[in-house]
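Heads up, the thing below is written out as structure tokens.
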Amino acid sequence: MATHKQAVPPPTVFFGEEAFQPIDHTEVRWLGSGGMFVNTRGTCIMMDPMLKDFDMPLLIDMPIAPENILHLDAVLITHCDNDHYSVPSLHAMEHVSKAFHGPHYVVELMQAEGFPANGHNIGDSFEIGPAKIPLTPADHAWQNEKAKYNYRVFRLEDYCGFWIETPDGIIWAPGDSRLMKEHLEMPQPDVILFDFSDNEWHIGLEGAIKMANTYPEAHLILCHWGTVDAPDLNVFNADPQSLYD
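The numbering of the sequence shown is UniProt numbering, which starts it at 1 and goes up by one.
Written as structure tokens, this is what we have:
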């Protein structure tokens, strides 16, 4: 029986083909969970879209069905967990996405599924339209603590964040990660896709507050909360109110 309250976001704001049109600015949308959609001057990018057939019940409706996505210039995947690397979602949108990018390990998994994916080292960068995108480090190798995953050693370089430099500002998605020294030494971003999960393999509440105070000018788009119906799992049950208390 659930013993914790779970915060739920406001009703989903759905979007459709209007969101994929050429524009003279940059728009950012939260996709639920750890996902994000960016349209920068008509270049359309999705990161970690978990839009279909997740293996746990959800609290919200996803803002768009993958079958309704008009086009994508790239899909970015931070790591292999299925709430970020959603194989059903990617198969449903592979016909409209020009490219897939991620760290090398998750790209190996994507290539095995038939996705035309490009692997990158941490610190390397690539360009999608007007956006330059370096990979930032992440520390999320929780699998090494589980016997189920002892078929390999998971390494830091298997996980990443994305630093998306657009003509209108910088969007930083640190990805799932413990707080790292490097996370507090970045230039000032304009927007952070902000995971504040109080979990030992995520940033933790104290770490989230420290990051927010390090970048006081950044707009915070809260993520990794209010999506998966799991009130007793701290990896999914973050509450925005905790950032004010």
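Virtual Cβ for every residue (Gly too), placed ideally from N, Cα, C.
Here's a check: name, in chain order, each residue in its chain whose Cβ is nearer than 6 Å to the Cβ of residue i, leaving out the five neighbours to either side.
i, result
"residue 246", "For residue 246 there is no data in the structure shown, the boundaries of the chain being 1 and 245."
"residue 136", "161, 163"
"residue 69", "93, 96"
"residue 224", "34, 195, 197"
"residue 169", "190"
CB residue i to CB residue j, shorter than 9 Å?
i, j, result
"residue 88", "residue 52", "yes"
"residue 162", "residue 197", "no"
"residue 90", "residue 54", "no"
"residue 218", "residue 188", "yes"
"residue 81", "residue 176", "yes"
"residue 26", "residue 133", "no"
"residue 72", "residue 50", "no"
"residue 230", "residue 6", "yes"
"residue 228", "residue 83", "yes"
"residue 180", "residue 215", "no"
"residue 64", "residue 100", "no"
"residue 117", "residue 129", "no"
"residue 131", "residue 165", "yes"
"residue 109", "residue 226", "no"
"residue 202", "residue 158", "no"
"residue 36", "residue 48", "yes"
"residue 40", "residue 167", "yes"
Return the first residue and the last residue of the alpha helix (DSSP H) that residue i is part of.
i, result
"residue 206", "205-214"
"residue 108", "104-112"
"residue 93", "87-93"
So who's on the other strand from residue i, going by DSSP bridges?
i, result
"residue 33", "For residue 33, which the question treats as bridged, DSSP gives no partner whatsoever."
"residue 162", "135, 173"
"residue 194", "222"
"residue 100", "75, 117"
"residue 27", "39"
"residue 58", "228"
"residue 237", "225"
Between which two residues does the beta strand (DSSP E) carrying residue i extend?
i, result
"residue 125", "125-128"
"residue 47", "43-47"
"residue 119", "117-120"
"residue 74", "74-76"
Take residue i and list the residues in its own chain whose beta-carbon comes closer than 8 Å to its own, dropping the five residues that flank it on each side.
i, result
"residue 184", "210, 211, 214"
"residue 4", "231, 232, 237"
"residue 242", "196, 198, 205"
Considering only residues of the same chain and omitting the five flanking positions on each side of residue i, which have a CB-CB separation below 7 Å?
i, result
"residue 149", "143"
"residue 153", "144"
Spell out a yes or no on whether the stretch 39-53 and the stretch 139-150 are touching, meaning 3 or more CB-CB pairs, one atom from each, closer than 8 Å. Short answer: they don't touch.
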